[in-house]
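Residue numbers (the working numbering): -4 to 451.
Just so you know, even glycine gets a beta-carbon here, dropped at the ideal spot from N, CA and C.
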RNA sequence: GUGGCCAUAGUGUAGCGGUUAGCACUAGAACCUGUGGAGUUCUUAGCGGGAGUUCGAAUCUCCUUGGCCACCCCA
C-alpha cells in the first residue's frame, strides 16, 4: 500500500460541515442586516495586481512588506493573493466609474483573504473576512452608521459585552504635526523603550502607541494623545462621530492608543473586541445558557483557560485618501472588516451553537418497488418544503429506523412491498411508536397536518 | 520573521528501547432478510513523512510537514 499522506498547508484550514453552520449563520445574519441598510454585495478577484496593495495599503506596512503571497504570471505581471478587501473595492469603484452611480455607494463582501504569517488561534493564512465599504460619503454620519451596523450584526449573532474602541488619527494635515510632538515626547525616553519601539521611532512612530510591552505602555500612558492635536476639520469630524454615536446609543470607549496598521486610514479608526470569556462563563450551567437563548453543546474536555484571547473581532475606519493613492479623485469612504474565523471561535467559546437543519420526516422503504415510489415521493415532499431524509441504499428496516432515530425525525414513513402494491403507506410517530396506515395520495396532507399541530 | 511546546485508528487517549501497539467513543455488520433508541459478538482503521543511532525504535537524534503558544502584526 502506498503511503501518501497529505496535510493541509500551514495556516489554511478546512471548514468541516459542522462548522459550516457557523459560517452560514454569520453570512445570513450579515446579509439580512446589510440588505436592510441598503448595502449591495460585491465580489472582487482573489488575485489582484500586487501594486494595488503596495500603493493602497502602504509599501512599508507589515502586511504588504512581509505577508503578501505574490506570484508572477506568464505575462510577467506580479499578482498577489488579496490580503485585505478595501483596496480591491476602491479599485473596482474607480475602474467602473461608480462615482457616476447614485452616491454613496454601499457595498459588502464575504470571502477568503491571505496573509503569510505565523498561524495561531484565530489567525490563519487563509481566512474569511466579511466587510462593508461605504463609499463617496464624507459625513460623520457614515462613520457612525457603519459602527452601528457592525454592532447590530454582532449583537444579532448573540454577542453581548461588545467593546467598541474608537480613536481619530487625523489626516495628512495634522498627523505629521502629532508625529513630531510624539517624537519629542519620546526623545529622552528612547533608552527605556523596548527594542521594537526603538526601531519604530524611525519607521512608524504611531505604532509605539500600540505596543503591548508593559514598560512601553507605562511610558506611553503619559504620551500626548492624537485627538488633542487634530486639525479643526478632523477635530470637528471626530466630535460629530462621537456625538452621533451617543445619539444613536452605541456605546464606545475612547482609546487614544488605537492606531491601525494600514496607511490608508485617516480620521476615525475603530475596533470591536469582546469582553474576555472568564472561567465562570465558560463553565456556566446549562439552564443559564438556555436562558440566554443559546443552545448548549457538550462541554469541551480541555480545561478552559482563564481567558480566551482572540484579538479583535473586527476593525475599520475612514480612508479618505485611498482613492487618491490609487490614482483616483477625492473619494471619501469608510468601512470595516469582521474576522469570520474569530467570530466562529468566539461563538464556540461562548457555546453559541447555530441551529442545524432539523429532519422532520424519514422515509423508509423495503423492496425495489417501494424504493422507486420513494424516489417519487421525495420530490412531492421537496415541493412542499418538508425536509425528508432517506437511506435508499439500505434495505433493513431496522437499520432505517435506527437512522431515523439518530437524525431526530419526528415521523417515519414506511413503504414496504405490501403498501407499495396497495397504494398505502404507514406513518409512524417516533416518540410513541404509534402507527397508522394511510393512503399514499393523502400522505403529504397527513404529514403537514401533524407537523402543524406540533408547532402549536 | 524570532522563540517555546506538541503529533499514536475518524475523534479522544494509553504505551517511557523488545507489547499480537491497548482502551473509549464513532462508523459498518451479525444475532433479528418488515419495526428505532438497549444488549452481546464481530469488523474496518493508527505510530504525520523521511533519514539516522541500535541486534531491536511509537519510544533516542536530526531533517521535514502540520498544530498550538508568546512576540511581531492583524480580522
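- Taking one beta carbon from each stretch, the segment 64 to 76 and the segment 40 to 49 have 3 or more pairs nearer than 8 Å; the two touch.
- Judged by DSSP in its simplified three-state form, residue 164 adopts coil rather than helix or strand.
- Non-local C-beta neighbours of residue 335 in its own chain, meaning closer than 8 Å and more than five positions away in sequence, comprise 18, 21, 105, 122, 123, 124, 125, ordered along the chain.
- Here the segment 366 to 374 does not lie against the segment 392 to 400, with fewer than 3 beta-carbon pairs under 8 Å apart.
- As the crow flies, the alpha-carbon of residue 355 is around 9 Å from that of residue 399.
- Of 443, 307, 256, the smallest CA-CA separation from residue 78 is found for 256.
- Under DSSP, residue 342 forms no beta bridge with any residue.
- Taking residue 212 as the centre and dropping the five residues before and after it, the same chain places the C-beta of 206 closer than 7 Å to its C-beta, in chain order.
- With a 10 Å radius around the Cβ and a threshold of 16 neighbouring Cβ atoms, residue 198 comes out exposed.
- Ranked by Cα distance from residue 435, the options 81, 87, 420, 248 are led by 420.
- Just measuring C-alpha positions, the residue of 220, 101, 193, 221 sitting nearest residue 208 is 193.
- Residue 24 carries a helical assignment under DSSP once its states are collapsed to helix, strand and coil.
- When only Cα atoms are considered, residue 412 and residue 441 end up about 21 Å apart.
- For residue 29, the CB contacts under 6 Å within the same chain, skipping 5 residues up- and downstream, are 103 in chain order.
- The Cβ-Cβ distance between residue 87 and residue 39 falls below 7 Å.
- In the three-state scheme derived from DSSP, where H, G and I count as helix and E and B as strand, residue 222 is classed as helix.
- The beta carbon of residue 351 sits closer than 6 Å to the beta carbons of 16 from its chain, once the five residues preceding and following it are set aside; these are given in chain order.
- Nearest Cα to residue 200 within the set 216, 7, 173, 210: 173.
- Across the structure, residue 245 and residue 56 are spaced so that their CA atoms are roughly 31 Å apart.
- For residue 210, the enclosing alpha helix (DSSP H) starts and ends at 209 to 215.
- According to the DSSP secondary-structure assignment, residue 335 is paired through a beta bridge with no residue.
- Fully enclosed beta strand (DSSP E) runs of no fewer than 3 residues occupy 157 to 163 of the segment 135 to 198, in order along the chain.
- For residue 41, same chain residues with a beta-carbon under 7 Å away, outside a window of 5 residues either side, are 76, 77, 107 in chain order.
- Residue 129 and residue 148 do not touch by the CB rule: their CB atoms are close to 14 Å apart, not below 8 Å.
- Per DSSP, residue 88 lies in no beta strand (DSSP E) segment; the continuous alpha helix (DSSP H) that holds it begins and ends at 81 to 90.
- Our two residues, residue 340 and residue 110, have alpha carbons roughly 19 Å apart in a direct line.
- For residue 67, the enclosing beta strand (DSSP E) starts and ends at 65 to 67.
- Closest in C-alpha terms to residue 259, from the list 233, 269, 222, 317, comes 317.
- In this structure, residue 313 sits near residue 138, with a CB-CB distance shorter than 7 Å.
- Residue 306 and residue 60 have their C-alpha atoms some 22 Å from each other.
- Less than 7 Å separates the beta-carbon of residue 236 from that of residue 263.
- Taking every protein chain shown into account, the CB of residue 203 has 16 or more other CB atoms within 10 angstroms, so this residue is buried.
- Annotation for residue 51: the continuous alpha helix (DSSP H) segment containing it runs 45 to 51.
- Under the three-state reduction of DSSP, residue 97 is assigned to coil, being neither helix nor strand.
- In terms of Cα proximity to residue 52, the closest of 447, 319, 94, 333 is 319.
- Each residue's CA atom was taken as its position, placing residue 357 and residue 66 some 51 Å apart.
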